[in-house]
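Colleague:
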Amino acid sequence: MNSDIRELARVNVKAAMNKEYAENEKLIEEQIIKWTTSRHIKEIVFYLMARNQAIRAFLSLPENEQTIQALHHRTQSPSAEYLKLMRRLRATRYPLFIKEKAERALFKDYTHVDFKRATHFLDQTLPSAPEPNFIIVLLKRVFMLIGKVVELIFSLGWGIVWIGILVLVIVSYITDASSDTLRVKNSRIFSYGGISEGNSTTKLGADTPQIPDVSNKAGYGNPGVSGHDAPSSMKSSTSSTNSSGNETLSATNTENQTESDNSNYKNSKSNFITIGPLKDHLISATYFLPESDENEIFIINDGDIIELPNKEKVVIDFEITSESPPIFKLNNEILESYPTTKENVYWISFEPTDKETTVEVIIGVEIDRFIFNNLN
Numbered sequence: 004m005n006s007d008i009r010e011l012a013r014v015n016v017k018a019a020m021n022k023e024y025a026e027n028e029k030l031i032e033e034q035i036i037k038w039t040t041s042r043h044i045k046e047i048v049f050y051l052m053a054r055n056q057a058i059r060a061f062l063s064l065p066e067n068e069q070t071i072q073a074l075h076h077r078t079q080s081p082s083a084e085y086l087k088l089m090r091r092l093r094a095t096r097y098p099l100f101i102k103e104k105a106e107r108a109l110f111k112d113y114t115h116v117d118f119k120r121a122t123h124f125l126d127q128t129l130p131s132a133p134e135p136n137f138i139i140v141l142l143k144r145v146f147m148l149i150g151k152v153v154e155l156i157f158s159l160g161w162g163i164v165w166i167g168i169l170v171l172v173i174v175s176y177i178t179d180a181s182s183d184t185l186r187v188k189n190s191r192i193f194s195y196g197g198i199s200e201g202n203s204t205t206k207l208g209a210d211t212p213q214i215p216d217v218s219n220k221a222g223y224g225n226p227g228v229s230g231h232d233a234p235s236s237m238k239s240s241t242s243s244t245n246s247s248g249n250e251t252l253s254a255t256n257t258e259n260q261t262e263s264d265n266s267n268y269k270n271s272k273s274n275f276i277t278i279g280p281l282k283d284h285l286i287s288a289t290y291f292l293p294e295s296d297e298n299e300i301f302i303i304n305d306g307d308i309i310e311l312p313n314k315e316k317v318v319i320d321f322e323i324t325s326e327s328p329p330i331f332k333l334n335n336e337i338l339e340s341y342p343t344t345k346e347n348v349y350w351i352s353f354e355p356t357d358k359e360t361t362v363e364v365i366i367g368v369e370i371d372r373f374i375f376n377n378l379n
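Now the structure itself:
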């Protein structure tokens, strides 16, 4: 939109639209578009065609229906001429994005906003803002002053709170260190003779002599006459018996543990759900960032969480292999989709939110979900 058309739009919007339509048609006819034509020229032609289609759709409405809402309402699908050029140039995605961009720019070029954020045509005079009342201005200044005082108090108060939290953390750390030292000292009771005749190097009772007695018992807890652990023939036999028994018991336990682990492994494997290849699903999806310089295309699957480096527009292509109509949702709200020149391929676009954006595709009982997180 050049300056001459803009100045004319300030006087008569419809006349400016007609003039722009004629100039765009002339530029389109002068360009000979081929498959080998540069991408920049192709984008310009698609942009002019999209603006002319929006202008023609608006001016063809009855006089009483040519409103701001009608201009803001975008056409649902490209015209036959637009689609024909897309097929001839083998373009599937970027012309649709350019069409949406051109319609949005057309609405901004022929409208302006008043002090109440209400939109008017460019040839309509904006209502002037009323002069502020002196009392209202004074009250606003008083409330602003009170707000700054409260903010200062809270800032100082929060400083004191943070200092208190820091002191509590330091005291807690010192207390934990003291309790750890106490636990270490208590754990060394057996090494310092805390139990009489224990098994430490400082125990009160000596290991010699080990006196055999008639109890034929050996090992700790000997109730014999000597009161000490007495070696005997039973000790070696008991030891060998216990050793062989322990080895048998250990082998049995090892076998049982192996069988149990194998059983648990089989049971855990049966609990897994194997997801087939993407072609077995009803939905396959790819996305790209049209405003990015790289313009790469990425494949995404159901349940994927995509980290976006910047808060910019996202365009997703969905290939639907089911005959049932898909339903698209953006953060649990119905989102409008657009067809492409390929059969059963739809596309959507959205601006991600500050934190998390959820996109859902519903076909019958199948629901595919994709989550986009904004890192900035």
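Residue numbers (the numbering used here): 4 to 379.
Note that CB positions come from ideal geometry on N, CA and C, so glycine has one too.
Ignore the nearest five residues each way along the sequence and tell me which others in THR344's own chain have a CB closer than 7 Å to its CB.
Modeller: LEU86, MET89, ARG90 and THR95
Colleague: According to DSSP, is VAL164 helix, strand or coil?
Modeller: helix
Colleague: Determine whether the beta carbon atoms of ALA53 and LYS119 lie at a separation below 7 Å.
Modeller: no
Colleague: Tell me the residue span of the alpha helix (DSSP H) that contains LEU51.
Modeller: 42–62
Colleague: Please name the residue in ILE35, GLN56 and ARG42 whose C-alpha comes closest to that of TYR24.
Modeller: GLN56
Colleague: If contact is defined by three or more beta carbon pairs under 8 Å, each pair taking one atom from either stretch, is the region 358–370 in contact with the region 329–342?
Modeller: yes
Colleague: Between ALA121 and chain D, is any beta-carbon pair separated by less than 7 Å?
Modeller: The structure shown contains no chain D; it is built from a single protein chain.
Colleague: Report yes or no: do three or more beta-carbon pairs, one from the region 106–116 and one from the region 65–76, lie closer than 8 Å?
Modeller: yes
Colleague: Between ILE303 and PHE373, is the Cβ-Cβ spacing less than 7 Å?
Modeller: For the pair ILE303 and PHE373, the CB atoms are nearer than the 7 Å cut-off.
Colleague: Helix or strand or just coil, what does DSSP make of THR361?
Modeller: THR361: strand per DSSP, three-state reduction.
Colleague: For GLU310 and TRP350, I'd like the C-alpha separation in whole angstroms.
Modeller: Distance between the alpha carbons of GLU310 and TRP350: 20 Å.
Colleague: From MET147 to TYR97, what does the alpha carbon distance come to, in whole angstroms?
Modeller: 49 Å
Colleague: Tell me the residue span of the beta strand (DSSP E) that contains TYR290.
Modeller: 286–291
Colleague: Could you check the C-alpha separation between ASP296 and GLN69 for me, to the nearest Å?
Modeller: 38 Å
Colleague: DSSP has THR122 in a bridge; who is on the other side?
Modeller: VAL116
Colleague: Quick one: give me the first and last residue of the beta strand (DSSP E) that LEU311 is part of.
Modeller: 308–311
Colleague: Return the chain-ordered list of same chain residues with a C-beta closer than 6 Å to the C-beta of ALA19, the five sequence neighbours on each side being excluded.
Modeller: ILE8, LEU11 and ALA12
Colleague: Let me know the secondary structure DSSP gives ARG372 once reduced to three states.
Modeller: strand
Colleague: Helix, strand or coil: how does DSSP classify LEU333 here?
Modeller: strand
Colleague: From this set, SER287, ASN334, ASP307 and SER325, which residue's C-alpha is nearest VAL362's C-alpha?
Modeller: ASN334
Colleague: Within its chain, find whatever has a CB closer than 7 Å to the CB of VAL187; leave out the 5 residues flanking it on each side and keep chain order.
Modeller: A caution first: VAL187 carries a pLDDT of 45, below 50, which makes its placement in the model unreliable, though a value can still be read off. No residues qualify anywhere along the chain.
Colleague: Need the endpoints of the alpha helix (DSSP H) that SER6 sits in, please.
Modeller: 6–12
Colleague: Looking at the structure shown, is GLU149 part of a helix, part of a strand, or coil, going by DSSP?
Modeller: For clarity, residue 149 is Ile in the given sequence; the question names Glu instead. If DSSP states are grouped into helix, strand and coil, ILE149 belongs with the helices.
Colleague: Note down the Cα distance separating ASP320 from TYR290, rounded to an integer number of angstroms.
Modeller: 6 Å
Colleague: CB THR122 to CB ILE71, shorter than 7 Å?
Modeller: yes
Colleague: Mark ILE163 as exposed unless 16 or more other C-beta atoms lie within 10 angstroms of its C-beta, in which case mark it buried.
Modeller: exposed
Colleague: Going by the CB atoms, is the gap between ASN376 and GLU359 shorter than 7 Å?
Modeller: yes
Colleague: Cα separation between ASN15 and LEU159?
Modeller: 59 Å
Colleague: Tell me the start and end of each unbroken alpha helix (DSSP H) in the region 70–101 that is at least 4 residues and wholly inside, in chain order.
Modeller: Within the region 70–101, the complete alpha helix (DSSP H) segments of 4 residues or longer fall at 71–75 and 83–92, listed in chain order.
Colleague: What is the residue span of the alpha helix (DSSP H) that GLU322 lies within?
Modeller: Element bounds for GLU322: not the alpha helix (DSSP H) but the beta strand (DSSP E), 317–323.
Colleague: Determine which residues share a DSSP beta bridge with PRO328 and list them.
Modeller: Assignment of beta-bridge partners to PRO328 by DSSP yields no partner.
Colleague: Quick one: grab the DSSP three-state call for ILE35.
Modeller: In the three-state scheme derived from DSSP, where H, G and I count as helix and E and B as strand, ILE35 is classed as coil.
Colleague: If we ignore side chains and look at the alpha-carbon of each, how far apart do SER82 and LEU125 end up?
Modeller: 27 Å
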